[in-house]
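K.L.:
If you read the protein sequences in the order shown, they are chains A and B.
Take the first sequence: its letters are residues 1 to 258, numbered as in our numbering.
Take the second sequence: its letters are residues 1001 to 1296, numbered as in our numbering.
For every residue, glycine included, the Cβ atom is placed at its ideal position computed from N, Cα and C.
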Amino acid sequence: MTANYPRMLWMQFTAEFLKFWRVPAFAFFSLALPLIIFIFFGLRDPTSPYAPGSSIATGAFVMASMAAYTVGNVMVFSFGIGVAVERGQKQDVLLRASPLPPAIYLLAKIINALVFSFLALTVLFVFAHFAASVNLAATSWLSLIGRLLLGSLAFIMLGFALGYLAGPNSAPAVVNVIYLPIAFGSGIFIPTQFLPDFIRWLSPYLPLSPFAQLAWDVLGVKTDRTVFSNFALLGAYTIGFFLLALWAYRRDTSLKFT
Amino acid sequence: MTAAAQLVDATKKYGNLEALKGVSLNIEIGEVVAMLGPNGAGKTTSISLLLGLRKPTTGTAKLFGLNPTDRHARSRAGVMLQESGVPEVLKVSELIDLFRSYYPSPMPTGRVVELAGLEDKAQSQIRGLSGGQRQRLYFALAICGDPELIFLDEPTVGLDVESRRAFIQSIKGFIASGKTIVLTTHYLEEADELAERVVVIDHGLIIADASPDEIKAKVVGRKITFSSTRALTSADLEGLPITASEIKDHHHTLMTAEPEAVLRELFRRGVDIHDLEVTGAGLEEAFLSLTGRADK
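1. For a contact defined as C-beta to C-beta under 8 angstroms, what are the partners of A15(A) on chain B?
2. Under the DSSP definition of a beta bridge, which residues are partnered with H1250(B)?
3. In the DSSP output, what is H1274(B) paired with across the bridge?
4. Can you tell me whether K1248(B) is buried or exposed? The criterion is at least 16 other CB atoms within 10 Å of its CB, across all chains shown.
5. Flag P172(A) as yes if its beta-carbon sits less than 7 angstroms from any beta-carbon of chain B, otherwise no.
6. Could you tell me if T70(A) is buried or exposed, where buried requires 16 or more neighbouring beta carbons within 10 angstroms of its beta carbon?
7. Who are the neighbours of K222(A) on chain B, taking C-beta pairs under 7 angstroms?
8. What residues match up with Y1014(B) in a beta bridge as DSSP calls it?
9. Within 10 angstroms of the Cβ of G80(A), are there 16 or more other Cβ atoms? Answer buried if so, exposed if not.
10. Could one say the Cβ of T258(A) lies closer than 7 angstroms to chain B's Cβ atoms, at least one of them?
11. Pick helix, strand or coil for K1179(B), following the three-state DSSP scheme.
12. Let me check understanding here. Comparing Cα to Cα, which of G159(A), S133(A), G235(A) and L150(A) lies closest to I56(A)?
13. Might you give, ordered along the chain, the residues of its own chain that have their beta carbon closer than 7 angstroms to the beta carbon of S1024(B), omitting 5 neighbours on each side?
14. Note down the Cα distance separating T2(A) from F118(A), rounded to an integer number of angstroms.
15. Whose C-alpha, out of I1206(B), V1278(B) and L1149(B), is nearest the C-alpha of K1043(B)?
16. Can you name the residues that DSSP bridges to F1151(B)?
17. Does the separation of the CB atoms of V1092(B) and A1195(B) fall below 7 angstroms?
18. Along chain A, in chain order, which residues have C-beta atoms closer than 9 angstroms to that of E1083(B)?
19. Less than 6 angstroms between the CB of F26(A) and some heavy atom of the ligand PLP, yes or no?
20. To test your reading of the DSSP string, which unbroken beta strand (DSSP E) runs of 3 or more residues are found completely within the region 1041 to 1085 of chain B?
21. Using alpha carbons as the reference points, say which of T1225(B), A1208(B) and I1224(B) lies closest to A1217(B).
22. Can you list the alpha helix (DSSP H) stretches of 4 or more residues lying completely in the region 119 to 160 of chain A, in chain order?
23. Going along chain A, which residues have a C-beta under 7 angstroms from Y1102(B)?
24. Confirm, please, whether the CB-CB distance from D1272(B) to S1327(B) is below 7 angstroms.
25. Along the alpha helix (DSSP H) that carries A67(A), what are the first and last residues, could you check?
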């Protein structure tokens, strides 16, 4: 006889949520940092067009950029640092000896990250609505959330890979060193025409580029790729990062558990 | 009847290191077994095989007749491991509830907290616990699922005398409920107090498997250590009532049940003796007696 899996998943999810919520650095990075960056880039004349001749307001454009940044951030940080710290404290040893199926552990972490992403998006959207007069149709708000949560799988896999590759102490630095340049290079903070040529060439292929394009597209911004191509590129990244995570996971566990 | 836990000719190599050299062990349902041995003897490796944390290099490990990684087997076992961590920001009761959810018919949380002696700390975050309280928490996690079989790997390691005493009482309370228990320890005294069967492991092999009384009977006696100006030979020791001896340069260690008779005879034979010490038999002496040589 084994325990009831839905109940196990619920308990594991609440534990994950509390672990995240009670570490101020995590909660702050997920919820407050995107707002602070939004204030920097989005509150300067938010109702003016984001580009000459465009009908899309600066506030809405920056909000969509930050929405993509936020979701990727929650995924990469929660998995990357979370997994590395758990490995460092040898939490994986006791869990591995327990009857908890690894799939439930994994699923609980993913659900928690999706819930946190949803909370972070809600905070950002409410702030942008009131502080920068961003008004979208109800379907657009939902579409933003839906596209970003769906596409976030690529960043979950990247986070897992980093969590198994980085040491517990170096994980925060490693995650920043990888995620921040990707965000800049993808034109999330500043338009890519201000970047060096080789980065501009690389930019459309960085993982946050299709992710941000999916968000901008909801506002009606003319993007380089179709929604389908953007999802396809993210799907390719998801598979690539998944394989990397699997390799890193096996490398880690083959040392400890064979 | 299926054994609760079973190793058959299990060996385990870590690279070139042979941690287990062929161990067979049957632990029946309801037994309380202590695995006794020094660091690196193979105790933790044996438990890791039985838990499915590691795979035997050759031979088999079974838990309730199943592969130890099988959820049905694991749902019947609880475990307290050395060097394992838990989420620091969760409260004691939250973590216990989480682990309870892993098992089909767990004990009520209040009962777990009481058995582990954590009543005062149930609402505290784990990061605020002392070493002894942490050991109690790990114990709570091992028993919270009300499993039939419990593994306790070095449950009292790092505890001061008083905490150890109190903790052993907690374990005894649990043993009284008729569970199968496998514990590892360095301390003969602890094995004696808790277990009805002692399995002595040394250098990856089982060297004794008996009741605590039988083990103690083998180590009743004294250890005589002394130096002399020349190394003694076997001729010097001939006819002495000793059970084991070790001679290193001019340093001698003898095990005996009759230290007075041994010393009287040595003096009579004119052996000059310095730095004489006669001590009681501890685990170290148990090893000397069981293996016929000193552990180190």
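P.N.:
Working from what's here:
1. P1087, L1090, E1094, L1095 and L1098
2. Answer is none; H1250(B) lacks a bridge partner.
3. S1227(B)
4. exposed
5. no
6. buried
7. Correct list: empty, because the minimum Cβ distance to chain B is about 46 angstroms.
8. L1017(B)
9. buried
10. yes
11. coil
12. S133(A)
13. L1007, V1008 and D1009
14. 32 angstroms
15. I1206(B)
16. V1079(B) and V1182(B)
17. no
18. K90 and V93
19. Here there are no bound small molecules, and the ligand PLP is not part of this structure.
20. 1058 to 1063 and 1077 to 1080
21. A1208(B)
22. 138 to 151
23. A3, M8, S98, P99 and L100
24. One cannot answer for residue 1327(B) here, as it falls past the ends of chain B, which runs 1001 to 1296.
25. T58 to G88
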